[in-house]
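**Q**
Numbering (the numbering used here), first residue to last: 725 to 884.
(1) Suppose you measure from the CA of residue 822 to the CA of residue 863; what does that come to, to the nearest Å?
(2) Figure out for me which residue from 826, 849, 840 has the closest Cα to the Cα of residue 859.
(3) Check whether the region 771 to 780 and the region 749 to 760 are in contact - that is, three or more C-beta pairs closer than 8 angstroms.
(4) Given that a residue counts as buried once 16 or more other Cβ atoms are within 10 Å of its Cβ, and exposed if not, what is residue 876?
(5) Count the other CB atoms, across all protein chains shown, that sit within 10 Å of the CB of residue 840; report buried if there are 16 or more and exposed otherwise.
(6) Excluding sequence positions up to five away, which residues of its chain have a Cβ less than 7 angstroms from the Cβ of residue 762?
(7) Quick one: give me the first and last residue of the alpha helix (DSSP H) that residue 829 is part of.
(8) From the DSSP output, which residues share a beta bridge with residue 782?
(9) With the cut-off set at 8 angstroms, would you say residue 824 and residue 807 are in Cβ contact?
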């Protein structure tokens, strides 16, 4: 019986440690270079998202730099740190390090050349949701999905 309790506790612990992973994959009728040109700017999120009114940089605009995004009501913000950036492979990775109910939040955006003036954006996010009284995991997942879809749609409009 004692072994069963230990195994049950271990199983519950492992289950709660699993990260939420939410990929977004979008095919686009534009070249990978055109799409990457917009994504690589990094400092125009306020133009791509209705959730962000202002972007401020601390440090370099690239690996190691931090981007502070202020919400449209001016009451909240979140801070992101760029962890990888590669023009050759058209990839860009960042961590959200402050301002969201999640820890270990890692994001990667990759633009894939599909040929014939077509490309694909692959945006992956993984994180450990932190229980809190303001937002459920389902609400946070929905917010992340909505925000990413909106930004991808805005990027597509910029290249059309």
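A virtual CB, placed ideally from N, CA and C, is assigned to each residue, including glycine.
**A** The answer reads as follows:
(1) Taking the chain shown and counting its residues from 1, the one referred to as residue 822 is at position 98. Taking the chain shown and counting its residues from 1, the one referred to as residue 863 is at position 139. Straight-line Cα distance between these residues: approximately 18 angstroms.
(2) Sequence index remark: in the chain shown, residue 859 carries index 135 (1-based). Of the residues 826, 849, 840, the one whose Cα lies closest to the Cα of residue 859 is 826.
(3) No: fewer than three Cβ pairs fall under 8 angstroms.
(4) If you number the chain shown from 1, residue 876 lands on position 152. Buried is the call here.
(5) Here the question's residue 840 lines up with position 116 in the chain shown. Exposed, because fewer than 16 other Cβ atoms sit within 10 Å of the Cβ of residue 840.
(6) The sequence position of residue 762 within the chain shown is 38, counting from 1. The beta carbon of residue 762 is closer than 7 angstroms to those of 879, 882, 883 in its chain, skipping five residues each way along the sequence.
(7) Position 105 of the chain shown, counting from 1, holds the residue named residue 829. Segment 826 to 839 is the beta strand (DSSP E) holding residue 829; no alpha helix (DSSP H) there.
(8) If you number the chain shown from 1, residue 782 lands on position 58. The partner list for residue 782 (beta bridge, DSSP) reads 790.
(9) Within the chain shown, residue 824 is the residue found at index 100, counting from 1. Within the chain shown, residue 807 is the residue found at index 83, counting from 1. No, these two residues do not count as a Cβ contact at 8 angstroms.
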